[in-house]
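**Q** Just dropping this structure here.
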Ligand code: ACO
């Protein structure tokens, strides 16, 4: 088979208007702005307030912007992959709703669940369709309405997350730019360090699951912090070594935005100075599958054609990975 190369040809985003600051959280729970900023790097996050809108809406808005930026009609899309842990419904897939909302009438669509690594896994999957020649245009979306699974009485977890979405269009590359390498890992988390315990087939919704607050995300923050720091730093270094990249060869690290300290540790292991690291956790918190495309969106005007980017993430599962790509938008 003639193997092709996939590249990102456009980026889009959606962020809800409402900004929930740390000061707002102070009114809801025993926390304070200083603690949140110094332990996580977060000052505010966006929250989707409209009860009639959710992950599909945000994903569709991000996708529409990506298509507009690419000058591509939705009918030309072959495949829509949407990464999320907060689907509108357990089924049908949120990607199917988005496919309809944007009018991608010739596309097939599915969701991909890999928590905070979801966008990276989805880009990898989408790129395979391009590389094999089975698809010409693939929309990859990361969208999460984290506020729908946050327990605002749990100060250890709810302060971390926000809502938002980003989308990229993948197309065939004919100039050597695009995805060059990818490494992904999984380690089943049997200790329940980062879980939403109820709502699935193991613990369907009951009066008890609701009363016990089991439909919210829960985590062992310290355990996740240790694993995430190690996993993201290790895999970022692994992909650099595998591709003979020195720190000076890397233009940007595009890290999942979970905690500023995890990002700093990753950049340090890679030997990168802070000017080469995309950081917007202060404004948006952790938007799960949305963080990496939201970074690409925020930095798109600073990226130069041919720049070497390392995208890296760690998330629930546990899942983690890194992608090495050459930026291909002029
Ligand atoms: N406000 C004030 N105090 C708090 C808060 C809060 N919001 N949350 C916890 N504390 C207190 C604790 O109760 C504890 O008090 P104690 O010493 O009296 O017992 C103290 O602060 C220190 O708590 P730690 O859990 O040790 O704080 P830590 O420095 O580890 O920070 C945090 C906690 C921010 C959750 C960190 O562990 C973390 O970021 N973990 C990663 C979790 C994560 O990112 N999960 C998201 C999904 S996975 C991913 O995206 C990578």
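Numbering (our numbering), first residue to last: 3 to 332.
Don't be surprised by glycine CBs; every beta carbon is placed ideally from N, CA and C.
Bear in mind the structure is a predicted one, so any value in this text is a computation, not a measurement.
1. Taking the alpha helix (DSSP H) that residue 35 falls in, what are its first and last residues?
2. Tell me which same chain residues have a C-beta within less than 8 Å of the C-beta of residue 240, skipping the five on either side of it?
3. For a minimum of 3 consecutive residues, which ranges assigned as the beta strand (DSSP E) are wholly contained in the region 75-159?
4. What whole-angstrom Cβ distance do residue 61 and residue 143 have, given they're in contact under 8 Å?
5. Does DSSP put residue 310 in a helix, a strand or coil?
6. In chain order, which beta strand (DSSP E) runs of at least 3 residues are fully inside the region 251-295?
7. Taking 6 Å as the limit between beta carbons, can you name the residues of its chain near residue 217, skipping five residues before and five after?
8. Can you find the residues in the same chain that come closer than 6 Å, C-beta to C-beta, to residue 54, ignoring five residues on each side of it along the sequence?
9. Restricting to Cα atoms, I'd like to know which of 212, 264 and 310 is closest to residue 235.
10. Can we say the region 156-171 touches the region 14-21, given the rule of at least three CB pairs closer than 8 Å?
11. According to DSSP, simplified to helix, strand and coil, what is residue 350?
12. To the nearest angstrom, how far is the alpha carbon of residue 20 from that of residue 107?
13. For residue 67, report the span of its alpha helix (DSSP H) as first-last.
14. Using the Cα positions of residue 73 and residue 67, report the straight-line distance between them to the nearest angstrom.
15. Is residue 258 near the ligand ACO, going by C-beta to nearest heavy atom under 7 Å?
16. When the Cβ atoms of the region 134-153 are set against those of the region 287-296, are three or more pairs found closer than 8 Å?
17. Measuring only from the beta carbon, is residue 252 closer than 7 Å to any heavy atom that is part of the ligand ACO?
18. So residue 120 and residue 86 are in contact, right, with Cβ under 8 Å, and what is the actual spacing, rounded?
19. Can residue 261 be considered in contact with the ligand ACO, in the sense that its beta carbon sits closer than 7 Å to one or more heavy atoms?
20. Using a 10 Å radius around the Cβ and a threshold of 16 neighbouring Cβ atoms, would you call residue 261 buried or exposed?
21. Verify the contact flag: residue 161, CB atom, against every heavy atom of the ligand ACO, threshold strictly below 7 Å.
22. My output table needs one value for residue 5: the three-state DSSP class, helix, strand or coil.
23. If you follow the alpha helix (DSSP H) that residue 19 is part of, which residue opens it and which one closes it?
24. Look up residue 329 in the DSSP assignment and give the residues it is bridged to.
25. So, using beta-carbon positions, are residue 34 and residue 28 closer together than 8 Å?
26. Kindly confirm or deny that the region 312-330 and the region 220-234 touch, where touching means at least three C-beta pairs closer than 8 Å.
27. At 4 residues or longer, what runs of the alpha helix (DSSP H) sit wholly inside the region 172-239?
28. Checking the sheet assignment: what are the DSSP bridge partners for residue 322?
29. Is the CB-CB distance between residue 219 and residue 151 below 8 Å?
30. Could you tell me how far apart the beta carbons of residue 309 and residue 253 are, in whole angstroms, since I believe they sit closer than 8 Å?
31. Restricting to Cα atoms, I'd like to know which of 179, 286 and 193 is closest to residue 332.
32. Considering just the uninterrupted stretch of the alpha helix (DSSP H) at residue 248, what are its terminal residues?
**A** Taking the definition as stated:
1. 35-42
2. Its chain contains 185 and 324 as the residues whose beta carbon lies nearer than 8 Å to that of residue 240, once the 5 sequence neighbours on both sides are disregarded; these appear in chain order.
3. 81-85, 110-114 and 139-147
4. Confirmed, about 4 Å.
5. strand
6. 254-257
7. Only 200 and 201 meet the Cβ criterion.
8. none
9. Out of 212, 264 and 310, 264 has the C-alpha closest to the C-alpha of residue 235.
10. yes
11. No answer is possible for residue 350: it lies beyond the span of the chain, which begins at 3 and ends at 332.
12. 32 Å
13. 57-72
14. 10 Å
15. Within 7 Å of the C-beta of residue 258 there is at least one heavy atom belonging to the ligand ACO.
16. yes
17. no
18. 7 Å
19. yes
20. buried
21. yes
22. coil
23. Careful: residue 19 lies outside any alpha helix (DSSP H) and carries neither H nor E.
24. Bridge partners of residue 329: none, in fact.
25. Closer than 8 Å, so yes.
26. yes
27. 209-213
28. 187 and 316
29. yes
30. Right, the Cβ-Cβ distance comes to about 4 Å (below 8 Å), so this counts as a contact.
31. Ranked by Cα distance from residue 332, the first of 179, 286 and 193 is 179.
32. That residue, residue 248, is in no alpha helix (DSSP H); it is neither H nor E in DSSP.
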